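Below is one structure, written out as structure tokens, with a few remarks after it.
Residue numbers (this note's numbering): -7 to 191.
Listed below in structure tokens is the structure:
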């Protein structure tokens, strides 16, 4: 695995992970509306912990949303600045895909539906299908809540994300496969390493 910094701040969680090719370190803190003041501090702490400088990085990866506009913009700006200043590639991955891959890894479920609160009576919906840990299909869209209630989801799907709270009455038949969870930079790290290797 190359030296990678992964940044995911599209939700209330400020999630970071760094790999030196042999081992990785990570932090995942719930700090709503404090990403701006904490992100760079946490990044430097992780880099120190794994004994890397920013110049040692081969690639930087970012969760590109959907989610919090401020958090996503912050992560993308930091990623772009680092990649440009060091002269390394940047890899962006959907935050919904990151979340789905984490659920697939942990629960070994073939179908994951990610729901993110888009506010203003809307919800982001991501439907992901896996064969073991390999992503084989993905679909992402934004729906109004009235439209969402007309969608027929598979009974085998695993629902995850803060949008689950918006439609909890609709999802009651799917329990206990409903989890409020946030995208994790460790899953972004894995996906970024795969994409970097494939070129």
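Cβ atoms here follow ideal geometry from the backbone N, Cα and C, with glycine treated the same way. Bear in mind that the values here come from a model prediction, so they are computed numbers and not experimental data.
Proximity to residue i [Cα-Cα], best of the options
| i | options | result |
| --- | --- | --- |
| residue 62 | 28, 78 and 105 | 28 |
| residue 130 | 105, 5, 136 and 98 | 105 |
| residue 77 | 18, 47 and 96 | 47 |
| residue 17 | 66, 36 and 134 | 36 |
| residue 71 | 31, 96 and 100 | 31 |
| residue 26 | 132, 6 and 42 | 6 |
| residue 4 | 148, 67 and 40 | 67 |
| residue 151 | 69, 49, 101 and 44 | 101 |
| residue 19 | 50, 161 and 41 | 41 |
Contacting residues, own chain, Cβ-Cβ under 6 Å from residue i (five flanking each side not counted)
| i | result |
| --- | --- |
| residue 109 | 154, 155 and 158 |
First and last residue of the uninterrupted beta strand (DSSP E) at residue i
| i | result |
| --- | --- |
| residue 13 | No beta strand (DSSP E) contains residue 13, which DSSP labels as neither H nor E. |
| residue 51 | 51 to 55 |
| residue 126 | 126 to 136 |
Span of the alpha helix (DSSP H), counted from its first residue to its last, around residue i
| i | result |
| --- | --- |
| residue 96 | 87 to 99 |
| residue 34 | 27 to 41 |
| residue 1 | Looking at the DSSP string, residue 1 is not in any alpha helix (DSSP H), and its letter there is neither H nor E. |
Neighbourhood of residue i by C-beta distance below 7 Å, restricted to the same chain and skipping five residues each side
| i | result |
| --- | --- |
| residue 252 | Past the edges of the chain, shown from -7 to 191, lies residue 252, and the structure says nothing about it. |
Cut-off 8 Å between Cβ atoms - residues of its own chain near residue i, not counting five sequence neighbours on either side
| i | result |
| --- | --- |
| residue 166 | 145, 147, 149 and 151 |
Rounded distance between the beta-carbons of residue j and residue i, thought under 8 Å
| i | j | result |
| --- | --- | --- |
| residue 180 | residue 53 | 5 Å |
Sufficient close CB pairs (3 or more, under 8 Å) joining the segment 109 to 122 to the segment 162 to 177: no
At least 3 beta-carbon pairs within less than 8 Å: the segment -7 to 7 vs the segment 176 to 190: yes
Three-pair Cβ contact test at 8 Å for the segment 84 to 95 versus the segment 43 to 57: yes
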